[in-house]
Amino acid sequence: PGVVSGLKMQASIGQKYKWSSISWNSAALPANTSISFQGRTSDDGSSWSGWSTASTPQTSGTSGSQSISNLSSSQWLEVQMNLASSDGISTPTLNDFTINYDTLENPVNSNIAMYKSDGSTLLKNSSGVDATAGSGDGWTNETAVKINVTGLTCGGGASGNPACVTGSTNLRPQIELKPKDTAFDGLTNLYQDGQAGQDQDSTINGTVYITGLTTIGGNGYHFRVRSTDDQSRVSGWTNYASDATAFTIEQTPPTISSFTINSGAAYTSNQNVTLNIS
């Protein structure tokens, strides 16, 4: 008998899980023995919350479960178990335990699209055609861009990946946008649907409106996307277009050195003419 702590679980890199419950299996509990659990959370693995209220000790049977849904969403969880004996003779035996949690699904590239500031005109690629969802090489002459993300989910809802026990409120995208030559750090240049001055068009589909961009030259901009919700869950990051250049801003006016009509004619009486610009 005694208290066992230091059992830690870390969410996938960059993610925050919403912890749901602890379930366990044991040998048949002898008389005068019990098993109970507590949990605490951290976002960095060093600064921890207080321990959750201990579950009501289980004194019989071979399995049990305790809700830990009152714990905040976090990157780290530490579990503490209490194997108790009131007579100092009998000993409870724990066989195994399982941590149950909810997590947001990573955004999918094919559900991410780049628009001009009107929110309906897709950026064009270097070939002059629409830069379709999930593809990079976009070009614009504006200093603002709208990035639309759809299909965000909490849990996949499919077999083996059920929908979240605790549903999402205000499920929305978050974007980290940086010059292509600047590495992502997860700390700066973060933009979020619903943030002041940005669009929020539904709880499932989110449009992030980013303004004040500049013609930085070089390799343009790249960005990555994750989802978050009011339950403080955070998904993993999805690098847009496999981290290729997403878009470039070009505002340099064209230089015209030659302008002629009808292959050099000085005058024409036709209403329809051919312009030659170089």
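For the sequence shown, the positions run 341 to 618 when this note's numbering is used.
In this text, a Cβ means the ideal position worked out from N, Cα and C, and glycines have one as well.
Classify residue i as buried or exposed, calling it buried when 16 or more other Cβ atoms lie within 10 Å of its own Cβ.
i, result
"G560", "buried"
"T402", "exposed"
"W391", "exposed"
"P432", "buried"
"K356", "buried"
"P594", "exposed"
"S386", "exposed"
"P502", "exposed"
"N612", "exposed"
"A586", "buried"
"T472", "exposed"
"S567", "buried"
What is the rounded straight-line gap between the Cα of residue i and the Cα of residue j?
i, j, result
"L462", "V419", "49 Å"
"G459", "N610", "40 Å"
"S395", "T438", "15 Å"
"D470", "N449", "16 Å"
"V620", "N422", "Any question about residue 620 goes unanswered here, given that the chain covers just 341 to 618."
"Q540", "Q514", "Residue placement at Q540 is flagged as unreliable, the pLDDT there being 46, under the threshold of 50; the coordinate-derived value follows with that caveat. Taking the straight line joining both Cα atoms gives about 12 Å."
"G476", "A351", "30 Å"
"I375", "L411", "20 Å"
"S466", "A581", "15 Å"
"A606", "T614", "12 Å"
"G552", "I362", "47 Å"
"I408", "S360", "5 Å"
"V548", "G474", "16 Å"
Please determine, among the options, the residue with the shortest C-alpha to C-alpha distance to residue i.
i, options, result
"S597", "N616, W364, F587 and S572", "N616"
"Q378", "D384, P341, Q406 and Y357", "Q406"
"W416", "S363, G496, K348 and V548", "K348"
"G428", "K518, P341, D583 and G346", "P341"
"G496", "I408, S508, G552 and P519", "S508"
"K464", "V485, L444 and T568", "V485"
To which residues of the same chain is residue i closer than 7 Å at the C-beta, ignoring the five residues directly before and after it?
i, result
"N579", "R564"
"E590", "W479, N481 and T555"
"T600", "N616"
"S413", "K356, Y357, K358, Q571, S572 and R573"
"G526", "G354 and E516"
"N435", "N365, S366 and A367"
So residue i and residue j are in contact, right, with Cβ under 8 Å, and what is the actual spacing, rounded?
i, j, result
"T373", "S430", "5 Å"
"V489", "I550", "At roughly 13 Å, the Cβ-Cβ gap does not stay under 8 Å, so V489 and I550 are not in contact."
"P447", "L492", "6 Å"
Here's a check: name, in chain order, each residue in its chain whose Cβ is nearer than 6 Å to the Cβ of residue i, leaving out the five neighbours to either side.
i, result
"G354", "G576 and W577"
"W388", "R380 and S382"
"G346", "none"
"T483", "L553"
Kindly say whether residue i, judged by its beta-carbon, lies nearer than 8 Å to any beta-carbon of chain D.
i, result
"N440", "Included in the structure is just one protein chain, with no chain D present."
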